[in-house]
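Residue numbers (the working numbering): 5 to 324. Heads up, the beta-carbon is just placed ideally off N, CA and C, and yes, glycines get one too.
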Amino acid sequence: MTTGKGSDVQRPLISVVAPVFNEIESLEAFYQRVREVMRSSGESWELVLVDDGSHDGSTDLIRRLAAEDPHVRPVIFARNFGHQIAVTAGLDYSRGQAVAIIDADLQDPPEVILELLNKWREGYQVVYAVRAEREGETWFKKTTAALFYRIIYRITDVKIPLDTGDFRLLDRRVVNVMKQMRERHRFLRGMSAWVGFKQIGVPYRRAARFAGVTKYPFRKMLKLALNAITGFSYFPLQLATYLGFISAGLSILAIPVVVILRLAGNQAFFGQATTLIAVLFLGGVQLISLGILGEYVGRVYDEVKGRPLYIVSETPEDFE
Ligand code: UDP
Ligand code: MG
C-alpha cells in the first residue's frame with residue numbers, strides 16, 4: 005500500500021483532489037482548511053492540487069506549498085484544459101484508498117469531507133455531496149443548474165443524482181475504473197454514477213465563493229451540459245427521427261384536408277405564405293438535426309484522434 009511521506013503505514017491514505025484555475029485569492033485559505041480537516045480526521049493524507057493553466061500566480065503558490073508541505077502533490081498543466089480534465093488528472097495522480105474531489109474556491113466546505121469519510125468507512129464506494137442549499141450564487145445560475153440536472157435525469161440512461169456536483173468521495177476501486185474511461189468530453193458525475201458500486205448522498209450547504217469570481221461562465225456550463233447529454237444519451241439523435249415522423253404524418257393528414265377544401269372552392273391554401281412557412285420550418289428542423297448530428301460526429305472525431313487528455317508540464321516527481 006502506498007502512503008504519504010512519513011505517515012503511519014497502518015492507516016489508509018486519503019487523497020483530496022482540487023482543480024485550481026486562477027484561485028490565488030482562495031488557495032492559501034483553502035489549503036489551511038483542508039490541512040486542519042485532514043489532521044482532525046486522523047488519517048494520513050495528501051492534497052493533489054492540479055493547476056489548470058492559471059496565470060494569476062496560483063501556480064507559484066502551489067509550488068511554494070509543495071516545497072513547504074510534503075502532503076501537497078502538485079500537478080501543473082501546460083495550459084488550461086478545463087475543470088473536468090483537471091479533476092481527471094487529479095484522480096490519475098492520486099494514491100489514496102479514498103479520493104475526495106473538491107473545488108478550491110471553498111464553495112464546498114472541506115469539513116464535509118469528514119462526513120463523506122464516515123460513509124466510506126461504513127462501506128459506500130461513492131459518497132456524493134448533495135447541494136441542499138446554495139449561497140451567494142445568482143438566480144440565473146441556480147435556475148439553469150436546477151433545470152440542467154432535471155433534463156439530464158430525464159433523458160440519460162444513467163440516473164445521475166439531482167443537485168449533485170463533483171464534490172464527492174470515491175473509493176480506490178471506483179477511481180481505478182474511472183481511470184480506464186478515457187473519454188475526452190467528460191462528465192465526471194455521470195461517469196461515477198455509471199460505474200455502479202454502493203453509492204449514497206450526503207446533504208450539505210454549498211457556501212458562497214471565498215473570493216474571486218466563477219471560472220464557469222455560461223459558455224462553459226453549456227459545454228458541460230452538452231457533454232453530459234451526448235456522453236450519456238442518444239436522445240437528441242432520436243429527436244430528429246421523432247420530428248421526421250411527426251412532420252411526415254402531419255403532411256399526409258393534410259393531403260385530404262387540402263383536397264376537400266379545394267373541391268369545396270375554398271381559397272385558403274392558394275397563398276405563397278403557407279408554402280414559405282412550411283419550407284422554412286422544415287429547413288430549420290433539418291439544420292438543427294444536422295447540427296445535433298455534428299455534435300456527435302465532432303466528438304467521435306475527437307476520440308479517434310486519440311490525443312492525450314491533458315499535458316502536464318510539472319509532475320509531483322519534479323518536486324521530490
Ligand atoms: N476550474 C478549473 N479549470 C477551469 C475552470 C474552473 O480547474 O477551466 C476550477 C476552479 O478553480 C474551481 C473549480 O474548478 O476550483 C470550480 O470552478 P468554479 O468555482 O469557477 O465553478 P462554479 O463553482 O462557479 O460552478
Ligand atoms: Mg465555485
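| Item | Value |
| --- | --- |
| Figure out for me which residue from Arg-43, Ala-33, Phe-25 has the closest Cα to the Cα of Leu-17. | Arg-43 |
| Only counting runs of 3 or more residues, tell me where the beta strand (DSSP E) segments fall wholly within the stretch 27-106, in order along the chain. | 48-55, 76-81, 102-105 |
| Among Ile-156, Phe-34, Leu-53, which has the Cα closest to the Cα of Asp-167? | Ile-156 |
| Give the range of the beta strand (DSSP E) segment to which Tyr-314 is assigned. | Taken as a continuous stretch (DSSP letters only), Tyr-314 belongs to no beta strand (DSSP E), as it is neither H nor E. |
| Answer with buried or exposed for Pro-221, where buried requires no fewer than 16 other C-beta atoms within 10 angstroms of its C-beta. | exposed |
| Would you check whether the ligand UDP has a heavy atom nearer than 7 Å to the C-beta of Asn-231? | no |
| Tell me which residues share the same chain as Phe-236 and place their Cβ nearer than 8 Å to its Cβ, disregarding the 5 neighbours each side in the sequence. | Ile-156, Thr-160, Asp-161, Val-162, Ile-164, Phe-191, Gly-194, Trp-198 |
| Glu-318 to Arg-213, Cα distance in whole Å? | 28 Å |
| Who pairs with Ser-19 in a beta bridge, going by DSSP? | Glu-50, Val-103 |
| Using the Cα positions of Ile-28 and Phe-144, report the straight-line distance between them to the nearest angstrom. | 26 Å |
| Could you tell me the alpha carbon to alpha carbon distance between Phe-171 and His-87, rounded to whole angstroms? | 12 Å |
| Considering only heavy atoms of the ligand UDP, does any lie closer than 7 Å to the CB of Lys-227? | no |
| Cutting at 7 Å between CB atoms, please list the residues of its own chain near Gln-14, excluding the five before and the five after it. | Low confidence applies here, because Gln-14 scores a pLDDT of 47, under 50, leaving its location unreliable; read the following figure in that light. So the list is empty, once near-sequence residues are dropped. |
| In the DSSP assignment, the alpha helix (DSSP H) including Ile-159 goes from what residue to what residue? | 143-159 |
| Is it the case that the CB of Phe-222 approaches a heavy atom of the ligand UDP more closely than 7 Å? | no |
| What do you get for Tyr-314, buried or exposed, if any count of 16 or more other CB atoms within 10 angstroms of its CB means buried? | buried |
| Give me, in chain order, the residues of the same chain whose beta-carbon lies closer than 6 Å to that of Phe-152; leave out the 5 immediate sequence neighbours on both sides. | Ala-229 |
| Is it the case that the CB of Ala-82 approaches a heavy atom of the ligand UDP more closely than 7 Å? | no |
| Any chance the CB of Ala-90 is under 7 Å from a heavy atom of the ligand HEM? | Of the ligands this structure carries, namely the ligand UDP and the ligand MG, none is the ligand HEM. |
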